[in-house]
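Undergrad: Sharing a structure here in structure tokens format.
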Amino acid sequence: MSTGHLIVVGVDGSEGGRRALDWAATEADARGGAVRAVIAWSWNGLDYGPVTAVTPLEEDALAAQVVTAEVDALVHRRGSRVPVTGEAIEGSPADVLTIAAHDADLLVLGSHGHSRVRHTVLGSVSESCIRKATCPVVVIPAQVHEPAAV
462 MSTGHLIVVG
472 VDGSEGGRRA
482 LDWAATEADA
492 RGGAVRAVIA
502 WSWNGLDYGP
512 VTAVTPLEED
522 ALAAQVVTAE
532 VDALVHRRGS
542 RVPVTGEAIE
552 GSPADVLTIA
562 AHDADLLVLG
572 SHGHSRVRHT
582 VLGSVSESCI
592 RKATCPVVVI
602 PAQVHEPAAV
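Just so you know, we're using the numbering used here here: the sequence shown kicks off at 462 and counts up by one.
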């Protein structure tokens, strides 16, 4: 991309990833920049994301479908004013995202992906990215759902 302000955003098919993508698109629009949506996938027996498959080629294809669907949904919600690309990259989420954001101006993440158990057992992708990133990191908080008043 040849725009002056690049924002990399982690997507995984979750609501948190969608909120991060929306926030990144708003920020890129305000700065005249572009968004690069990235999903990490792995086929080494560990479930890093929302997709699991029988072969590495299937895993890559499923991850590519998720990121494409997220980018298409963003364009449907917001229009196409901001250049947005999507990419599926093999590896652990924190490594993939921080490498993808190495030359970016900003890395944007949702605060929770698919599983709180995963956060407890494997650690937080957001926390790892904050430690490893060479650019500023924005973590979009999870939406709080208040119980309905009776």
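Ideal placement from N, C-alpha and C gives every residue a C-beta, glycine not left out.
With distance defined between alpha-carbon atoms, name the residue in Ile-550, Ile-591, Leu-567, Gly-540 nearest to Pro-517.
TA: Ile-550
Undergrad: Taking DSSP's pairing of strands, which residues face Val-569 in a bridge?
TA: In the DSSP assignment, Val-569 forms a beta bridge with Val-470, Val-599.
Undergrad: If Gly-471 sits next to Leu-558, beta carbons under 8 angstroms apart, how far is it from one beta carbon to the other, in whole angstroms?
TA: At roughly 5 angstroms, the Cβ-Cβ gap stays under 8 angstroms, so Gly-471 and Leu-558 are in contact.
Undergrad: Leaving out five residues before and five after Leu-583 in sequence, what residues of the same chain have Cβ atoms less than 6 angstroms from its Cβ?
TA: Unreliable placement is indicated for Leu-583, whose pLDDT of 39 sits below 50; no coordinate value is reported for it.
Undergrad: Only counting the same chain, and skipping five residues up and downstream in sequence, which positions put a Cβ closer than 6 angstroms to that of Trp-504?
TA: These residues qualify, in order along the chain: Pro-517, Glu-520.
Undergrad: Just to confirm my understanding: we take Ala-489, look at its own chain, exclude 5 residues before and 5 after, and list those with CB closer than 7 angstroms. What are they?
TA: Exclusion of the five residues before and after Ala-489 leaves His-466, Ile-468, Ala-495, Val-496, Val-543 as the residues of its chain whose Cβ lies within less than 7 angstroms of its Cβ.
Undergrad: Which parts of the segment 480-541 are runs of the alpha helix (DSSP H), unbroken and 4 residues or longer, counting only runs that do not cross its ends?
TA: If one requires a minimum length of 4 residues, the alpha helix (DSSP H) runs lying completely within the segment 480-541 are 517-539, in chain order.
Undergrad: Work out the CA separation of Ala-491 and Trp-502 for me, nearest whole Å.
TA: 30 angstroms
Undergrad: Within 10 Å of its beta-carbon, does Ala-603 have 16 or more other beta-carbons around it, so buried, or fewer, so exposed?
TA: exposed
Undergrad: For Glu-531, count neighbouring C-beta atoms within 10 Å of its own C-beta (all shown protein chains included) and say buried if the count is 16 or more, exposed if not.
TA: Label assigned to Glu-531: buried.
Undergrad: Which whole-angstrom value is the C-beta distance of Ala-562 and Ala-594, which I expect to be below 8 angstroms?
TA: 6 angstroms
Undergrad: When the Cα atoms are used, what is the spatial distance from Ala-565 to Cys-596?
TA: 7 angstroms
Undergrad: In the DSSP assignment, the alpha helix (DSSP H) including Val-543 goes from what residue to what residue?
TA: No alpha helix (DSSP H) holds Val-543; DSSP gives it neither H nor E.
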